[in-house]
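Data first, discussion second: the structure below is written as structure tokens.
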Amino acid sequence: MSLLHYDFVVRALLGALFTGLAAPAVGTYLVQRRLALMGDGIGHISVTGVALGLLTGTSPTFTAVVVAVLGAVLIEVIRSSGRTSGDVALALLFYGGIAGGVLITGLANQSAATLNTYLFGSITTVSAQDVTVTAVLALVVVAIAVGLAPQLFSVAQDPDFARVTGLNVRVYNVLVSVLAAVTVTVAMRTVGLLLVSALMVVPVATSQQVARGFRATLWASMALGTVVSVGGVTVSAYVDVAPGATIVLLALAVFALAYPTGTLLRERRRREAPFDAGPGDDFALEPAHTEVPEDHTHQHGDDCGHPAVPHGDHVDYVHDGHRHAVHGGHYDEH
Amino acid sequence: MSDPLIEIRDGAVELGGRPVLRGIDLTVGPGEVLAVLGANGSGKSTLVRAALGLVPTCRGSAQLYGVPLASFRDWHRVGFVPQRGSSGGGVPASVREVVASGRLSRRGLLRPASKADRAAVDDAIAAVGLSDRAHDAVSTLSGGQQQRVLVARALASGPELIVLDEPMAGVDAPSQEQLAATLRTLVDRGATLVLVLHELGPLADLIGRTVVMRDGRVAYDGPPLAAFADADGHGHEHHPDQDHRPAHVPGMASPLERATRRENRA
Chain A
-15 MSLLHYDFVV RALLGALFTG LAAPAVGTYL VQRRLALMGD GIGHISVTGV
35 ALGLLTGTSP TFTAVVVAVL GAVLIEVIRS SGRTSGDVAL ALLFYGGIAG
85 GVLITGLANQ SAATLNTYLF GSITTVSAQD VTVTAVLALV VVAIAVGLAP
135 QLFSVAQDPD FARVTGLNVR VYNVLVSVLA AVTVTVAMRT VGLLLVSALM
185 VVPVATSQQV ARGFRATLWA SMALGTVVSV GGVTVSAYVD VAPGATIVLL
235 ALAVFALAYP TGTLLRERRR REAPFDAGPG DDFALEPAHT EVPEDHTHQH
285 GDDCGHPAVP HGDHVDYVHD GHRHAVHGGH YDEH
Chain B
630 MSDPLIEIRD GAVELGGRPV LRGIDLTVGP GEVLAVLGAN GSGKSTLVRA
680 ALGLVPTCRG SAQLYGVPLA SFRDWHRVGF VPQRGSSGGG VPASVREVVA
730 SGRLSRRGLL RPASKADRAA VDDAIAAVGL SDRAHDAVST LSGGQQQRVL
780 VARALASGPE LIVLDEPMAG VDAPSQEQLA ATLRTLVDRG ATLVLVLHEL
830 GPLADLIGRT VVMRDGRVAY DGPPLAAFAD ADGHGHEHHP DQDHRPAHVP
880 GMASPLERAT RRENRA
């Protein structure tokens, strides 16, 4: 592809690749802990971090990482102390972060345009050094999110139980928060601080439409995040549109496709889930039991179109509110 | 004589500055099957949570297997089944994944599950009769089946002590049977069970000892009384230290009596 001859396009594609991989990996744990908006909250806080960098003349990425990590730990502390619910804690920091950022940017005599490159990303201006930093941080995040998956899953799923297996719940919770903060600042240059949460959450929401397990969701969302990120940058290289926004809209488009599929799948699985049979239930009926009086116009079987649901050692056919089980030459009502 | 599995001496618990448990002395030895009974708010859940270190005690001492809670490390010897509803996340998780998290107390960090780990998880799922649902999302199961998943998770590490908080609450009949059968097998194998219960119900014949909580104190500790499994299906006595009036006979009789008296006068 001729576009790959341009260095800035290659750098943009690499940046997108690593962000797309890391953001959903952390996002999966945030969604599992019902803190889907945490990425957004950290993004807002990072605005203050960027502004501090602009004011003091140091690297805005560096100050953003520091402020984001502090903010993320603060959210976790407020949340776990139980005095304020998670969403209220997030809201407080949202507004503090963005207001602080705007105020300090003004003090630094920087225009809104400078801030904009961080709010909405400027992937086409990333340097080779930026790409290296992004790659290293993203790989560390992915290594932890995948390597500690059993522990992080258990802690998010049921903190009380996790403590009784000897896990230090607080350490793992803070770890997820720090990972989220690092990811947000890594993604700052790709999709921007205001849209980073989308890349953390939308691929997860999409994957869980079709996945039945946690690991499947984790892997699928990472794959999906990578595809939409690289895809979004590619599109914006041909058509003159903002890469960050393109990535997010692409991710939402995939979700819009997956949602009806997921609904159909879930409905089918619910219909076909085995009926529960207790250990003492041998399905034996009184010898004098009555047959199903209803006329069956066809023989129930694999291809009769009625859901065949396992029930203990046999199959019930479900139709018109009945559960019919074959018994000799007739059907029993189960 | 071996160490008691659970030992609380003069334990007290405060939640938010309010004393919730007071003067608790509780010892659970190997092989005991103990039911903790009591009305809502009597502190029975808090009692088992304190014994496991989930809520801190503000005085006295609490030990597991003879080791103070703060330095206890053999968590694989303890299985915990929390109240259903306290768990569950925003991402689907399969039955197998949830049960596998019960094995973490035996697995080191960053070590993939060994053959023995996987076999233990399969066995635990089979023990609660859910092998055919192992790869389904937990959220698609019935409430009773979800409760069985939590029991399987507690069994995955092969614990000698299993603590269950209201395992029969909101559980459908087939799952109650299955759970009772699973617990019976565990007792036959010599496991020690501590069950927080609202009523003895289908487990009545398993229970060897009952502790009745009242207002944050142990009001009764001894063999199950007939009153705990009384015929009206109520299951337990709310005030065992008071006169044994039948529990929950409502005040319906008195207005009728008054009415009768008035008629007699007329």
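Chains as they are written, first to last, in the working numbering: chain A, -15 to 318; chain B, 630 to 895.
All C-beta atoms, glycine included, are put in the ideal place defined by N, C-alpha and C.
- The beta carbons of A/F198 and B/V720 sit closer together than 7 Å.
- A/V53 and A/A182 have their C-alpha atoms some 19 Å from each other.
- Judged by DSSP in its simplified three-state form, B/T686 adopts coil rather than helix or strand.
- Look at B/L683: its C-beta is under 7 Å from a C-beta on chain A.
- By the C-beta density criterion, A/P227 is buried, having at least 16 other C-beta atoms within 10 angstroms.
- Residues of chain B whose Cβ lies closer than 8 Å to the Cβ of A/S138 are, in chain order, S730 and L733.
- Counting only Cβ-Cβ distances below 8 Å, A/P258 has contacts in chain B at D761 and R762, in chain order.
- About 6 Å separates the beta carbons of B/V847 and B/I653, which is inside the 8 Å limit, making them a contact pair.
- Spatial neighbours of A/G215 in its own chain (CB-CB distance under 8 Å, excluding positions within 5 residues in sequence) are listed in chain order as I231 and L234.
- Taking a Cβ-Cβ threshold of 8 Å, the residues of chain B close to A/R17 are G718 and G719, in chain order.
- Contact between B/P711 and A/F145 holds: their C-beta atoms lie close to 6 Å from each other, under 8 Å.
- Here the alpha carbon of B/G670 sits roughly 16 Å from the alpha carbon of B/L824.
- Selection A/D24, A/G27, A/G23 and A/A48 evaluated against A/A35 yields A/A48 as nearest (Cα-Cα).
- Distances from the alpha-carbon of B/G708 to those of B/T821, B/D844 and B/R838 put B/T821 closest.
- Here the alpha carbon of B/G718 sits roughly 10 Å from the alpha carbon of A/L14.
- Close partners of B/T769 in chain A (Cβ separation under 9 Å): R196, R250, R253, R254 and A257.
- At a beta-carbon threshold of 8 Å, none of the residues of chain B lie near A/T89; the nearest stands roughly 35 Å away.
- At a cut-off of 7 Å between C-beta atoms, B/L739 counts as an interface residue with respect to chain A.
- Using a Cβ-Cβ cut-off of 7 Å, A/P187 does not count as an interface residue toward chain B, since no Cβ of chain B sits closer than that to its own.
- At a Cβ-Cβ threshold of 7 Å, A/P294 and A/V302 do not count as neighbours.
- With a threshold of 16 other beta carbon atoms within 10 Å, A/D300 meets it and is buried.
- By the Cβ neighbour-count rule, A/N157 is buried, with 16 or more other Cβ atoms within 10 Å of its own.
- Taking a beta-carbon distance threshold of 7 Å, B/A722 counts as an interface residue toward chain A.
- For B/Y694, no beta strand (DSSP E) run applies, since DSSP gives it neither H nor E.
- Rounded to whole angstroms, the separation of the alpha carbons of A/E317 and A/H311 is 10 Å.
- Restricting attention to A/D297, A/D71, A/D304 and A/H308, the CA atom closest to the CA of A/H284 is found in A/H308.
- Between A/S205 and A/S191, the C-beta gap is smaller than 7 Å, which places the two residues in contact.
- Using a Cβ-Cβ cut-off of 9 Å, A/V148 is close to L681, G682, L683, W704, V707, G708, F709, P711, S734, A783 and V792 of chain B, given in chain order.
- Not flagged as an interface residue toward chain B: A/F46, since no C-beta distance is shorter than 7 Å.
- Looking at the backbone, the Cα of A/P187 and that of B/G658 are separated by about 51 Å.
- One finds nothing in chain B with a Cβ atom closer than 8 Å to the Cβ of A/D316; even the nearest lies about 18 Å away.
- Between A/Q113 and chain B, the shortest Cβ-Cβ separation is not below 7 Å.
- The beta strand (DSSP E) runs of length 3 or more contained entirely in the segment 720 to 774 of chain B do not exist; there are none.
- Interface flag for B/P803 against chain A is set, since a Cβ pair is found closer than 7 Å.
- A straight line joining the alpha-carbon of A/D279 with that of A/H306 spans about 13 Å.
- For B/P741, the number of other beta carbons within 10 angstroms of its own is below 16, and it is reported as exposed.
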